[in-house]
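These notes concern the structure reproduced below.
Protein chains: 2
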Amino acid sequence: MDEELRRQARQARKRKGLVIVNTGNGKGKTTAALGILFRAWGRDMRVCMLQFLKHRNASFGENKAARKLGIEIQPTGDGFTWTSPDMDETVARARHGWEMAQARIGSGTYDVVVLDEFTYPLHYGWLDTQEVIAWLREHKPPMLHLVITGRYAPEPLIEFADLVTEMRMVKHPFQEQQIRAQPGIEF
Amino acid sequence: MDEELRRQARQARKRKGLVIVNTGNGKGKTTAALGILFRAWGRDMRVCMLQFLKHRNASFGENKAARKLGIEIQPTGDGFTWTSPDMDETVARARHGWEMAQARIGSGTYDVVVLDEFTYPLHYGWLDTQEVIAWLREHKPPMLHLVITGRYAPEPLIEFADLVTEMRMVKHPFQEQQIRAQPGIEF
Numbered sequence: 021m022d023e024e025l026r027r028q029a030r031q032a033r034k035r036k037g038l039v040i041v042n043t044g045n046g047k048g049k050t051t052a053a054l055g056i057l058f059r060a061w062g063r064d065m066r067v068c069m070l071q072f073l074k075h076r077n078a079s080f081g082e083n084k085a086a087r088k089l090g091i092e093i094q095p096t097g098d099g100f101t102w103t104s105p106d107m108d109e110t111v112a113r114a115r116h117g118w119e120m121a122q123a124r125i126g127s128g129t130y131d132v133v134v135l136d137e138f139t140y141p142l143h144y145g146w147l148d149t150q151e152v153i154a155w156l157r158e159h160k161p162p163m164l165h166l167v168i169t170g171r172y173a174p175e176p177l178i179e180f181a182d183l184v185t186e187m188r189m190v191k192h193p194f195q196e197q198q199i200r201a202q203p204g205i206e207f
Numbered sequence: 021m022d023e024e025l026r027r028q029a030r031q032a033r034k035r036k037g038l039v040i041v042n043t044g045n046g047k048g049k050t051t052a053a054l055g056i057l058f059r060a061w062g063r064d065m066r067v068c069m070l071q072f073l074k075h076r077n078a079s080f081g082e083n084k085a086a087r088k089l090g091i092e093i094q095p096t097g098d099g100f101t102w103t104s105p106d107m108d109e110t111v112a113r114a115r116h117g118w119e120m121a122q123a124r125i126g127s128g129t130y131d132v133v134v135l136d137e138f139t140y141p142l143h144y145g146w147l148d149t150q151e152v153i154a155w156l157r158e159h160k161p162p163m164l165h166l167v168i169t170g171r172y173a174p175e176p177l178i179e180f181a182d183l184v185t186e187m188r189m190v191k192h193p194f195q196e197q198q199i200r201a202q203p204g205i206e207f
């Protein structure tokens, strides 16, 4: 095998779609995922974000920006949260969101898919982490970059991921100074 | 003072431009700042980013995206780095970048200014951290959000900031799997 073939083999091995997890109790998990979308969009890559804990009719800064750019940012639930009193409904919504995610990941239509706040359905057991990972191992296109955000990333997800960053809160104005969340910055 | 006046006073006190620092050895510091730009742009806020360690003619994903949107992302140096053999030139370029930053911050033209990789000139002493903070205390418009990224955020900057997040590397593909940096994701 000559040098050129070896070089090609090396490149093929090293270039792949990453599984990226942004976790931890600090700010910047979703925001960094938005930055990835923005950057990839700049390179004409096909991108989308599914939001697992945002309200369907919410109009956050990111949704407004995405609408302007034609980037798909899609809420998956009807504002369901882990404080919902109706657990059956919460689980059903999480499953519905995961089905939306599977359809997009499996479609081959995207270069980057972000599953925003997707750690929560895993952490709270609304979805089975091992089943989700098994499905991804089988169905995620090799070149697709998958970004998952949220606190409490389960250990098997961290093991499965290529790139894991913990956003750690060092100082937060809501605690120390009682400053309100700022439009355009926090949401 | 009636309840309405008290409420207004409370709101006035709590609504302010934040000084945000994204630091640590992990990924996502610049990317989260880009996410803030994207989100704020979505709200029609006036935003810009000055890059302290990027090459003047670089065309990264963020620069391409910014050009498409008309967002100002401006390199400040000519690819100067802390490995430059010529210290006088490195210091001169850092000072030039800081003058560009002062002009933008002081102009009143922006709602959000990002100083990307700005911690390095402070950490390496090319700029005096105390002088920078003193200038910001006097000249930063109260409602302007200022975002500073980079490793090794100096302690006085952390004390000065409202919101500090440490991006901590949990797992990185370049270390474990020798995967190359991916266009659209990392740059």
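Which chain is which? The protein sequence lines are B and D, in order.
The opening residue of the first sequence carries number 21 in the working numbering; numbering runs sequentially from there.
The opening residue of the second sequence carries number 21 in the working numbering; numbering runs sequentially from there.
For each residue, glycine too, the CB sits at the ideal point set by N, CA and C.
Please read these numbers as outputs of a predicted model, since none were measured by experiment.
Under a criterion of Cβ atoms nearer than 7 angstroms, no residue of chain B is adjacent to R171(D); the nearest Cβ is some 13 angstroms distant.
Nearest Cα to R157(B) within the set L89(B), G55(B) and Q122(B): Q122(B). In the DSSP assignment, I168(D) falls outside any alpha helix (DSSP H) and lies within the beta strand (DSSP E) extending over H165 to T169.
Residue environment for G145(D): exposed (fewer than 16 other C-beta atoms within 10 angstroms of its C-beta).
For E92(B), no alpha helix (DSSP H) encloses it; the enclosing beta strand (DSSP E) starts and ends at E92 to P95.
Distance between A86(B) and E92(B), taken at the CA atoms: about 7 angstroms. Out of E179(B), Y172(B), F180(B) and L177(B), the CA that lies nearest to the CA of R188(B) is found in Y172(B). Here the alpha carbons of D148(B) and D108(B) stand approximately 15 angstroms from one another. Rounded to the nearest whole angstrom, the CA to CA distance from C68(D) to Q150(B) is 43 angstroms. Restricting attention to T51(B), E186(B), L89(B) and F138(B), the CA atom closest to the CA of L73(B) is found in F138(B). The three-state reading of DSSP puts M187(B) in strand, counting E and B together. Among the residues of chain B, those whose CB is under 7 angstroms from the CB of K84(D) are G62 and R63, following chain order. With its beta carbon at least 8 angstroms from every one in chain B, I93(D) lies outside the interface. Using a CB distance cut-off of 8 angstroms, H192(B) counts as an interface residue toward chain D. Under DSSP, I125(D) forms no beta bridge with any residue. An exposed status is given to D64(D), since fewer than 16 other beta-carbon atoms sit within 10 Å of its beta-carbon.
The DSSP-derived three-state label of Q202(D) is coil. Under a 10 Å Cβ-count criterion, T129(B) is classified as exposed, with fewer than 16 other Cβ atoms of the shown protein chains found around its own Cβ. Contact of F58(B) with chain D is assigned, a C-beta pair being separated by under 8 angstroms. Any Cβ of chain D closer than 8 angstroms to the Cβ of L142(B) would place that residue at the interface, and such an atom is absent. Per DSSP, N42(D) is one residue of the beta strand (DSSP E) stretching across V39 to T43.
With a threshold of 8 angstroms between beta carbons, H165(B) makes contact with chain D.
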